[in-house]
Structure formats: structure tokens, C-alpha cells
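*Asks:* So the sequence shown is numbered by our numbering: it starts at 808 and just counts up by one.
Cβ atoms here follow ideal geometry from the backbone N, Cα and C, with glycine treated the same way.
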Amino acid sequence: MGEAINLINNFKVEKVIFNCGEFNDLEQELIKVLDKKKIKYYSRIKELNKVNIQLN
Numbered sequence: 808m809g810e811a812i813n814l815i816n817n818f819k820v821e822k823v824i825f826n827c828g829e830f831n832d833l834e835q836e837l838i839k840v841l842d843k844k845k846i847k848y849y850s851r852i853k854e855l856n857k858v859n860i861q862l863n
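In C-alpha cells form, the structure reads like this:
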């Protein structure tokens with residue numbers, strides 16, 4: 808989870824999906840970074856729809 812902040816800082820990230828449950832300390836630190844960078848994040852997702860993924 809600590810490396811996630813490096814990914815956020817070094818790559819274009821539009822959305823983040825967390826596992827279900829309470830946020831641990833590392834996740835809370837990541838959420839602070841996401842909020843600062845105005846990146847949307849989600850938790851408690853029951854189902855993901857098929858999406859088109861494009862890697863550039």
C-alpha cells in the first residue's frame with residue numbers, strides 16, 4: 808500500500824478502488840493524497856461492470 812502513493816505521484820490515475828472494510832492507517836494516508844490531487848476513490852463495490860481499458 809505504501810507504494811501506491813508513488814504510483815499516484817508518478818502516473819496519471821483517475822480512480823482508485825479499495826477493498827471492502829474499514830480503512831487502515833496506510834489507506835487513510837493514501838486517501839489524503841487522493842483528496843489533495845482530487846482523485847476519486849471507491850470502496851464497498853459489490854460488482855464491477857465490464858469496462859474498456861486503454862493503456863498508453
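1. Which residue marks the beginning of the alpha helix (DSSP H) containing Ile838, and which one marks its end?
2. I need the straight-line Cα distance from Lys845 to Asn831, nearest angstrom please.
3. Run the CB neighbour count on Leu833, radius 10 Å, all protein chains shown included, and call it buried at 16 or more, exposed below.
4. Whole angstroms are fine: how far does the CA of Lys847 sit from the CA of Glu821?
*Replies:* Quick look at the numbers:
1. Segment 832-843, the alpha helix (DSSP H) holding Ile838.
2. Cα to Cα, Lys845 sits roughly 20 Å from Asn831.
3. Residue burial annotation: Leu833 is exposed, with fewer than 16 other C-beta atoms found within 10 angstroms of its C-beta.
4. Counting only the Cα atoms, Lys847 lies some 7 Å from Glu821.
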